[in-house]
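Here the sequence shown stands for residues 259 to 622, where the numbers follow the working numbering.
Step one of this worksheet: look at the structure below.
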Amino acid sequence: MEYARTCQGCGAVLHDEHPTREGYVPPSVFARSHDGAPITCQRCFRLLHYHKPSTVVASSEAFSTMLHDVGQQSGLVVHVVDIADCEATWIDALPRFVGERPIVLVANKMDVLPRGTSLTRMRDRVWQFARAQSWRVSDVHVVSAVQRIGTASLAQALARHARVFFVGATNVGKSTLVNALTAGVTDHRLTVSAMPKTTLQAVHVALPDARTYVDTPGIVYGRRLIERVPHAHVLRMRGEMRPVTLPLRSGQALHIGDYVCCEAVSPVPSITCYVAYTVSVRRQKQRSTHVAPLVDEAHGGEDVSWKPVRRRVTMPARAVIDIAIGGLGWLCVHADDQAVALDVWTPPGILVVDRPPWIGGKST
Ligand SMILES: Nc1nc2c(ncn2[C@@H]2O[C@H](COP(=O)(O)OP(=O)(O)OP(=O)(O)O)[C@@H](O)[C@H]2O)c(=O)[nH]1
Ligand SMILES: [Mg+2]
259 MEYARTCQGC
269 GAVLHDEHPT
279 REGYVPPSVF
289 ARSHDGAPIT
299 CQRCFRLLHY
309 HKPSTVVASS
319 EAFSTMLHDV
329 GQQSGLVVHV
339 VDIADCEATW
349 IDALPRFVGE
359 RPIVLVANKM
369 DVLPRGTSLT
379 RMRDRVWQFA
389 RAQSWRVSDV
399 HVVSAVQRIG
409 TASLAQALAR
419 HARVFFVGAT
429 NVGKSTLVNA
439 LTAGVTDHRL
449 TVSAMPKTTL
459 QAVHVALPDA
469 RTYVDTPGIV
479 YGRRLIERVP
489 HAHVLRMRGE
499 MRPVTLPLRS
509 GQALHIGDYV
519 CCEAVSPVPS
529 ITCYVAYTVS
539 VRRQKQRSTH
549 VAPLVDEAHG
559 GEDVSWKPVR
569 RRVTMPARAV
579 IDIAIGGLGW
589 LCVHADDQAV
599 ALDVWTPPGI
609 LVVDRPPWIG
619 GKST
């Protein structure tokens, strides 16, 4: 029997028939719940209480359909990105769906940036990035949903909008942000988890003043490490950044965690790794060819047979650049009076882009 009720945590339509399908609730739980009371599906319950990884495979068509629906409805669109992963969590196609309406940008997880980072500068960086994409942005907020920093002023800025849609890539913290913005105002709690693909359908959170916040499922691009590596590795990639700076001699390799390696083609005077303190940074005489497993979505298991791909990065003398690596953070590389070349090795499909330095280097 199908129920026209949805899970308050992830938005899936509830049913009590197929335990492996999204939205399943054991019949005994349905029997105990009285009409209209919020229910959490079994998957959300397990995510919240046992931190079980999600097994749902999200499709980009479903995401486009969802964005199309958002574009058809009136309301403010808030694009949430991960401040440590701006490029890889950016939804390039969003303006196509939103049309002429301006977008509010929220760069979340500012608490992971190294202590002392200038938030004004980070806000400028996000603005510059949006401008470079020719986006019409009405405001940029840098926040931490978990530590509730910047959320009060964001709530104020949103207060005159009857409906607000929160859209973004998976795992950027949309549901955490909506929970933070509505804490003490409503009892509706969205499911939040460290694993990607948590929210499955749009969830409308009604506020007492008749306004609505709409949390949406995030897109999975597969270009961030956290979308591709097993659960235990995802947990290791979170947390505050504590930058580590090293020089590399020609031929030396810097292994950053279990999936990324930077190999010096020429001497590299200084590389600063902006990654979570839980990610190991090891300098070695040469690159190790050992690889840790990736999650193989198609077969529901792990794939140990993948081959790292190489991206050559070159920079002129005296240049300073960041190399952003999807789902990991970024490396800030300084050249002195010689040009620098290095190879970045990652799993296939992981976004590697260079950009002006966000923290290290001269502010532009
Ligand atoms: N450090 C830090 N972590 C955060 C912050 N906001 C969210 N997170 C964490 O990011 C992870 C993902 O959060 P969610 O709110 O589930 O992300 P989401 O964007 O709703 O993900 P989907 O539902 O899959 O689209 C969780 O482990 C959160 O605790 C933040 O401000 N700082
Ligand atoms: Mg969510």
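Note that the Cβ used here is the ideal one computed from N, Cα and C, for glycine as well.
This structure is a prediction, so every number in the text was calculated from the model and none was measured.
DSSP places ARG406 outside any alpha helix (DSSP H), giving it a letter other than H or E. At a threshold of 7 Å, ASP473 counts as near ligand 2, since its beta carbon sits closer than that to one of the ligand's heavy atoms. Where GLU319 is concerned, there is no enclosing beta strand (DSSP E), although the alpha helix (DSSP H) around it starts and stops at 318-330. Look at the beta carbons and you see the region 364-376 touching the region 335-342: at least three pairs across the two are nearer than 8 Å. Set against 7 Å, the gap from the CB of GLY476 to the closest heavy atom of ligand 2 is smaller. Per the DSSP secondary-structure output, GLU358 pairs with nothing in a beta bridge. The beta carbon of GLU560 sits closer than 8 Å to the beta carbons of PRO488, PRO551, LEU552, VAL553, ASP554 from its chain, once the five residues preceding and following it are set aside; these are given in chain order.
Your pair PHE423 and VAL562 does not check out as a contact, with CB atoms roughly 40 Å apart and the cut at 8 Å.
Bounds of the beta strand (DSSP E) holding GLN542 are 539-542. The beta-carbon separation of ARG482 and LEU512, rounded to 20 Å, does not stay under the 8 Å limit for a contact. Distance from the C-beta of THR572 to the nearest heavy atom of ligand 1 is not below 7 Å. Residue nearest to ARG389 within the set ASP350, ALA413, ALA427 is ASP350 (criterion: CA-CA distance).
GLY497 sits away from TYR532, with the two beta carbons spaced by 8 Å or more.
A distance of 8 Å or more separates the beta carbons of THR470 and VAL478. Within the region 526-581, the complete beta strand (DSSP E) runs of at least 3 residues fall at 526-533, 539-542, 552-554, 559-561, 567-573. Nearest to GLU358 by C-alpha distance, out of THR323, SER376, ARG394, THR434, is ARG394. About 5 Å separates the CB atoms of PRO574 and ALA597; that is less than 8 Å, so the two are in contact. Of the heavy atoms belonging to ligand 2, at least one sits nearer than 7 Å to the Cβ of THR456.
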